[in-house]
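Chemist: Here this note's numbering is used: the first residue of the sequence shown is 69, the next is one more, and so on. Yeah, the Cβ is synthetic: ideal placement off N, Cα and C, and Gly gets one too. Owing to the predicted nature of the structure, the values given are computational and were not obtained by experimental measurement. To start, I am sharing the structure in question, which I have written as C-alpha cells.
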Amino acid sequence: MDEVLAQFDDGQLLAGIDAAVDALTDDRLRLPSDRERLALLLASVRVVSRLQVWQQRLAAQIEASEAAWREHGTSATSWLAEAARLTPREARRMIRCGEGLERFPTVAEAAERGDVLASQAE
69 MDEVLAQFDD
79 GQLLAGIDAA
89 VDALTDDRLR
99 LPSDRERLAL
109 LLASVRVVSR
119 LQVWQQRLAA
129 QIEASEAAWR
139 EHGTSATSWL
149 AEAARLTPRE
159 ARRMIRCGEG
169 LERFPTVAEA
179 AERGDVLASQ
189 AE
C-alpha cells in the first residue's frame, strides 16, 4: 500500500482523504453489532488524531520557514486564522502544538503512529 501511495504528492493524498470522508455517510453504516460500531468509533478517533498531528507539524514548519510572510506578508498565525476561519488563539495553538512535536520527536513519532492522541501529545 505504501508503494502505491508514494506516487502521490501530499495534496493528492489529502484530496483522497477528503473524498473518503465524503463517502462515510450514515446510510453506509451497515455494521450489525454494537462491538463493530464501537471499534469503528475508536478507529476514527485514532485516524482523526493522526491527521491532526500531521496538520500541527505542517503548521509549525510553515511558521519556521516564514512561508506565510513571504506569500502574504503576515505571520503564519494571522494567515491561518483568516484563511481557515479560525480564531487567532486556535491558529496559534495549532502552530504551538506542532512546535512542541518538533521538540519532542519520541512523542511525535508515537502520535504519528496513533499510539497517543494529539491532545495527549500537547
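Below 8 Å, how does it come out for the stretch 159-169 and the stretch 109-125: are there three or more Cβ pairs, yes or no?
Modeler: yes
Chemist: So, helix, strand or coil for Ala74, using DSSP?
Modeler: DSSP places Ala74 in coil when its eight states are reduced to three.
Chemist: Quick one: any contact between the stretch 141-151 and the stretch 124-131, if contact means 3 or more CB pairs under 8 Å?
Modeler: yes
Chemist: Assuming the contact rule is C-beta atoms closer than 8 Å, Gly182 and Ser117 should be a hit. Round their C-beta distance to whole Å, please.
Modeler: 6 Å
Chemist: Do Ala176 and Leu169 count as a contact pair if the criterion is CB distance below 8 Å?
Modeler: yes
Chemist: By DSSP, does Arg103 sit in helix, in strand, or in coil?
Modeler: Three-state result, Arg103: helix.
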